[in-house]
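Notes to accompany the following structure.
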Amino acid sequence: MAHDSLYAAPPTVEAEPGAGRLATLRGLLGSWDAAVVAALVVVVLVAGLTVENFATGRNAQFLLLDLVPLALIALPMTLIVITGEIDLSVASMVGLCSTLMGQLWLSSGLSLELICVLVVLLGAVLGAVNGLFVTGFGLPSLAVTIGTLALYRGLSFVVLGDQAVADFPADWTAAVVRNIPGTSIPVVLVPLLLLALVFGVVLHATPAGRALYAMGNNDQAATFTGVSVARTKFWLFVVSGAVCGLVGIFWTLRYASARGDNATGLELTVVTAVLLGGVSIFGGRGALLGVLAGVLLLGVLRNALQLADVDANALTIVTGTLLIASVVLPNAVADIRARLHRRRQRQPVAS
Amino acid sequence: MSRTDTGAPERATGNAPTDPDRPRRGLTERLLAVRELSLLIALGLLVLVTTVRNDRFLSGQSVKDLLLGCAILVILAVGQTLVIVTRNVDLSVGSILGLVAFATGSLFLSAPGTPWPLALVLGVALGALCGVVNGGLIAVARVPALVITLGTLYAFRGVDYYWASGRQINAADMPPSFLRLGNQTVLGVPVLFLVALVVVAAVGFYLRSYRSGRELYAIGSEPAAARLSGIPVGRRVFAVFVANGALAGLAGVLYAARFGTLDAAAGTGLELQVVAAAVVGGVAIFGGSGSAYGAALGAVLLTTIGSSLAVLRIDPFWQQAVVGALILAAIGLDRLLALRVAARLRGRSAHGA
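These protein sequence lines map, in sequence, to chains A and B. For the first sequence, the UniProt record's numbering assigns the number 1 to the initial residue and increments by one for each residue that follows. For the second sequence, the UniProt record's numbering assigns the number 1 to the initial residue and increments by one for each residue that follows.
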């Protein structure tokens with residue numbers, strides 16, 4: 001993103017060598033992932049002890065089911081943001097995939113299995129359009145995906161109008177909310193975790209993953225090291241679209257309803273979760289584990305407050321504050337650290 | 001980015017690179033490059049086609065509705081232009097509008113005798129305060145405004161919901177003099193639209209002719225260079241967010257006057273429409289280029305498309321899709337023009353001309 005040169009680059013989290021007095025502070029806050037995980041643990045403990053009905057199997061099931069769309073879309077979004085791009089059209093792609101699934105089921109007479117495959121392919125095509133505009137025409141992804149956000153949402157209303165398709169077979173709609181026998185963990189978590197594993201391995205353990213960080217840090221330098229920046233980014237947008245296709249299917253079956261306004265506004269929650277997870281909006285920094293912790297933190301906090309009878313809409317204060325804190329705090333900590341470091345350096349000279 | 005923006009005389013564009021090539025461009029390209037003109041042509045064509053199909057489209061009442069409908073979006077788009085020109089973005093405007101609208105309603109509810117000009121001033125002040133929060137956080141965090149205003153989008157809206165806690169304010173709770181503001185016309189032109197026109201003219205003039213206005217373009221073109229040339233970048237960006245907040249506050253008060261019925265959801269999702277209007281109006285999303293007039297025309301065009309679709313009996317569900325396609329077309333066109341200009345400049349220097 002081209003915003004980056006407006007402000008000085010964010011201070012790096014690695015402190016200067018020899019900041020001995022602050023070693024503990026660095027140990028605590030040095031890794032954002034660790035901070036998010038710690039916050040998650042605290043929230044779960046406090047909520048479990050103080051909020052009625054929080055620590056029940058039924059609540060765990062609903063909490064996890066609610067998080068599936070967020071977690072799924074956050075996977076490709078993490079990769080995209082690490083390369084310095086953004087995809088704001090994700091929720092609209094989910095909506096369009098959902099309504100097309102409904103329309104196909106209503107009028108095409110195809111089997112649901114085939115429809116699901118088609119919907120994922122369609123999602124990939126929608127993502128490819130984003131990718132083409134961004135990499136083929138060299139347009140800023142922020143502007144392009146604001147455009148396709150409107151375009152895809154509009155098309156999803158065109159497909160079904162204000163109608164809803166709801167008569168999906170009961171065994172399908174029951175399957176997506178079913179638990180692993182003997183537990184209160186939904187079955188859909190298995191493919192989600194497998195997918196997360198694949199994304200994690202690709203990002204953190206392959207040359208392709210390292211290349212994503214390189215692109216995020218410096219597009220041109222990455223090009224000179226032999227990374228095909230445009231092609232990689234194009235495929236990231238395609239993958240993002242395909243995952244949105246999957247989420248569209250899940251959303252439709254979970255709520256047994258294909259509607260034009262499905263998942264409206266989800267894009268901002270996904271971006272919030274990704275940034276909360278420690279991914280830099282400048283690109284080039286972040287880890288998948290942190291993002292998953294961010295998704296969980298967001299979900300658990302909202303769930304607990306909802307159970308504590310806080311108005312669901314007012315909960316957006318929490319989302320917003322978390323997001324702002326996640327970007328303001330690391331900078332503030334780094335500032336304080338740098339100031340203390342300077343003072344310590346000055347002291348020997350003075351004496 | 002293409003310099004489709006200013007159309008300002010060269011002497012005033014101290015910070016923008018001059019374009020020595022201007023007289024030699026082809027006619028079509030020149031027309032396309034003046035975004036305001038191509039927007040006017042598109043708008044004219046749209047109105048023409050719609051009127052041919054249904055001549056009531058240009059009747060007094062219909063035009064009045066149209067102007068009334070676009071006034072609030074125009075004000076927001078112009079404010080957003082100030083921000084985007086400096087290579088920032090403010091996603092929280094919809095939430096600020098909602099918060100101020102509800103605050104205005106609550107004010108009349110708790111103090112029924114409040115004169116409306118006072119309510120207007122308080123609303124603008126509340127909006128400016130939200131802008132101060134945005135600008136201050138951006139200065140502290142040194143991260144893109146996108147992130148901070150995404151956060152305050154949620155936070156302001158949450159405050160709004162928390163405050164409203166499910167209540168709704170009705171037109172009956174507000175003084176008639178205030179509500180008249182939302183519907184009154186002067187010589188057939190709605191007051192709301194006149195307010196919007198004043199805002200457009202003021203911001204447009206400021207951006208084009210004031211030193212600090214030109215500095216905003218410099219900041220958006222290359223922040224580092226702007227800083228080196230002595231422009232107080234931080235202060236300017238902060239001021240821009242406060243100004244945009246104040247304009248969103250103004251829009252919030254006008255929203256309350258126009259619709260009368262208010263709940264905490266007022267203006268939800270408006271931010272993307274506002275950014276869309278600015279982008280369609282030729283404001284480059286990554287700064288340094290664009291004019292308030294273009295953004296205002298973009299807002300008018302988007303609103304008109306909505307009404308035309310209804311008149312043309314096209315499924316209103318197409319509206320949003322058309323808006324999306326328009327955004328893509330607008331940024332695509334900008335890119336194309338920028339590439340052609342770049343190619344020509346390269347060609348000239350290669351020939352040593």
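No residue lacks a Cβ here, since even glycine has one placed at the ideal position from N, Cα and C.
Would residue i be called buried (16 or more neighbouring beta carbons within 10 Å of its own) or exposed?
i, result
"proline 190 of chain B", "buried"
"threonine 78 of chain A", "buried"
"asparagine 53 of chain A", "exposed"
"tyrosine 293 of chain B", "buried"
"cysteine 130 of chain A", "A small fix is needed here, since residue 130 of chain A is asparagine in this sequence, not cysteine. Answer is buried; the Cβ neighbour count reaches 16."
"residue 364 of chain A", "A question about residue 364 of chain A goes unanswered here, because the residues of chain A that appear run from 1 up to 351."
"aspartate 169 of chain B", "According to the sequence shown, residue 169 of chain B is isoleucine rather than aspartate. It counts as buried."
"arginine 58 of chain A", "exposed"
"isoleucine 41 of chain B", "exposed"
"serine 108 of chain A", "exposed"
"glutamate 36 of chain B", "buried"
"alanine 143 of chain A", "buried"
"tyrosine 7 of chain A", "Confidence in tyrosine 7 of chain A is poor, its pLDDT being 37 and thus under 50, which makes the residue's placement too unreliable to answer from."
"alanine 55 of chain A", "exposed"
"phenylalanine 205 of chain B", "exposed"
"arginine 167 of chain B", "exposed"
Could you pull out every residue in the same chain whose Cβ sits closer than 7 Å to the Cβ of residue i, ignoring the five residues on either side in sequence?
i, result
"alanine 39 of chain A", "Leu297"
"isoleucine 231 of chain B", "Glu215, Ala218, Ile219"
"valine 233 of chain B", "Ile219, Pro223, Ala226, Arg227"
"serine 177 of chain B", "Trp116"
"phenylalanine 157 of chain A", "Gly260"
"residue 354 of chain A", "Residue coverage of chain A in this structure runs from 1 to 351, which leaves residue 354 of chain A outside it and unanswerable."
"alanine 128 of chain B", "Val242, Gly245, Ala246, Gly249"
"leucine 301 of chain B", "Leu39, Ala42, Leu43, Val280"
"tryptophan 105 of chain A", "Leu112, Ile115, Val165, Phe168"
"valine 120 of chain A", "Ala242, Gly245, Leu246"
"tryptophan 318 of chain B", "Leu309"
Once you ignore the five residues that flank residue i on each side, which residues in its own chain have a CB closer than 8 Å to its CB?
i, result
"leucine 70 of chain A", "Leu266, Thr269, Val270, Ala273, Val295, Leu298, Gly299"
"residue 355 of chain A", "The structure shown does not extend to residue 355 of chain A, since chain A is modelled only from 1 to 351, so the question has no answer here."
"valine 190 of chain A", "Ile180"
"leucine 192 of chain A", "Val68, Ala71, Leu72"
"glycine 122 of chain B", "The sequence as given places leucine at residue 122 of chain B; glycine does not occur at that position. Excluding residues within five positions, the ones whose Cβ falls inside 8 Å are Ala103, Thr104, Leu107."
Which residues does DSSP list as the beta-bridge partners of residue i?
i, result
"leucine 288 of chain A", "In the DSSP output, where bridge partners are listed per residue, leucine 288 of chain A has none listed."
"asparagine 179 of chain A", "A/Pro186"
"isoleucine 169 of chain B", "B/Leu262"
"arginine 259 of chain A", "A/Ala164"
"valine 189 of chain B", "B/Val186"
Grab me the residues of residue i's own chain with a C-beta within less than 6 Å of its C-beta, minus the 5 sequence neighbours each way, in chain order.
i, result
"alanine 251 of chain B", "Ile72, Ile75, Leu76, Leu97"
"serine 98 of chain A", "Gly248, Trp251, Thr252, Ala258, Asn262"
"leucine 326 of chain B", "Val280"
"glycine 284 of chain A", "Tyr213, Gly216, Asn217"
"valine 37 of chain A", "Ala293"
"leucine 322 of chain A", "Leu276"
Is residue i near the ligand COA, in the sense that its beta carbon is under 7 Å from a heavy atom of that ligand?
i, result
"tryptophan 105 of chain A", "Only the bare structure without any ligand can be found here, which leaves the ligand COA out of the picture."
*Of all the residues that make up the region 303-316 of chain A, which are near chain B by a beta-carbon distance shorter than 8 Å?*
Within the region 303-316 of chain A, the qualifying residues are Asp311, Asn313, Ala314, Leu315, Thr316.
*For the region 244-255 of chain A, which residues have a CB atom closer than 9 Å to at least one CB atom of chain B, in sequence order?*
Those would be none; no residue qualifies.
*Between the region 131-156 of chain A and chain B, which residues of the former have CB atoms less than 8 Å from a CB of the latter, in chain order?*
Going along the region 131-156 of chain A in chain order, one finds Phe133, Phe137, Gly138, Leu139, Pro140, Leu142, Ala143, Val144, Ile146, Gly147, Thr148, Leu149, Ala150, Leu151, Tyr152, Arg153, Gly154, Leu155 with a Cβ nearer than 8 Å to chain B.
_In chain order, each alpha helix (DSSP H) run of at least 4 residues that lies wholly inside the region 97-157 of chain B_ = The region 97-157 of chain B contains these whole alpha helix (DSSP H) runs: 116-141.
*Got a sec: which bits of the region 255-286 of chain B sit with their beta carbon under 9 Å from any beta carbon on chain A, in order along the chain?*
So the close ones are Ala264, Ala265, Thr268, Gly269, Leu272, Gln273, Val275, Ala276, Val279, Ala284, Ile285, Phe286.
*Contacting positions in the region 314-335 of chain B - beta carbon closer than 9 Å to chain A*: Correct list: Asp315, Pro316, Phe317, Trp318, Gln319, Gln320, Ala321, Val322, Val323, Gly324, Ala325, Leu326, Ile327, Leu328, Ala329, Ala330, Ile331, Gly332, Asp334, Arg335.
*In the region 143-155 of chain B, which residues sit with their C-beta less than 8 Å from some C-beta in chain A, listed in chain order?*
Within the region 143-155 of chain B, those residues whose Cβ lies closer than 8 Å to any Cβ of chain A are, in chain order, Val143, Pro144, Ala145, Leu146, Val147, Ile148, Leu150, Gly151, Thr152, Leu153, Tyr154, Ala155.
*Could I get the ranges of all uninterrupted alpha helix (DSSP H) runs contained in the region 50-80 of chain B, with 4 residues as the minimum, in chain order?*
Within the region 50-80 of chain B, no complete alpha helix (DSSP H) run reaches 4 residues.
*Kindly provide the ranges of any alpha helix (DSSP H) runs that are 4 or more residues long and lie completely inside the region 190-256 of chain B, ordered along the chain.*
Segments of the alpha helix (DSSP H) lying fully in the region 190-256 of chain B: 191-209, 211-221, 223-228.
*For the region 183-217 of chain A, which residues have a beta carbon sitting closer than 7 Å to at least one beta carbon of chain B?*
Within the region 183-217 of chain A, no residue qualifies.
*Could you please tell me which residues of the region 90-107 of chain B, in chain order, have their CB closer than 7 Å to any CB of chain A?*
Along the region 90-107 of chain B, there is no position whose C-beta sits under 7 Å from a C-beta of chain A.
_Whole alpha helix (DSSP H) elements within the region 181-256 of chain A, 4-residue minimum_ = Those alpha helix (DSSP H) runs which fall completely within the region 181-256 of chain A and span 4+ residues are 189-205, 207-217, 219-224, 229-254.
*What are the residues of the region 160-180 of chain B that lie near chain A, defined by any Cβ-Cβ distance shorter than 8 Å?*
Of all residues in the region 160-180 of chain B, Tyr161, Tyr162, Ser165, Gly166 have a Cβ within less than 8 Å of some Cβ in chain A.
_Cβ-based contacts, 9 Å cut-off: residues of the region 123-141 of chain B near chain A_ = Cβ contacts with chain A come from Leu137, Ile138, Ala139, Val140, Ala141.
*When you check each C-beta in the region 324-350 of chain A against every C-beta of chain B, which residues fall closer than 8 Å?*
Correct list: Ile324, Val327, Val328, Asn331, Ala332.
*Contained beta strand (DSSP E) runs [length at least 3] in the region 281-325 of chain A, N- to C-terminal order*: Whole beta strand (DSSP E) segments, 3+ residues: zero.
*Looking at chain B, which residues of the region 270-287 of chain A have a Cβ within less than 8 Å of any of its Cβ atoms?*
The region 270-287 of chain A vs chain B, Cβ under 8 Å: Val271, Thr272, Leu275, Ile281, Phe282.
_Minimum length 4: unbroken alpha helix (DSSP H) runs contained in the region 56-102 of chain A_ = Complete alpha helix (DSSP H) runs here, min 4: 57-82.
*Name, going along the chain, the residues of the region 230-242 of chain B whose beta-carbon falls closer than 8 Å to a beta-carbon of chain A.*
Listed by position, the residues of the region 230-242 of chain B near chain A (Cβ gap below 8 Å) are Val233, Val237.
*What residues in the region 71-95 of chain A bring their beta carbon closer than 7 Å to a beta carbon of chain B?*
Taken residue by residue, none of the region 71-95 of chain A has a beta-carbon sitting less than 7 Å from a beta-carbon on chain B.
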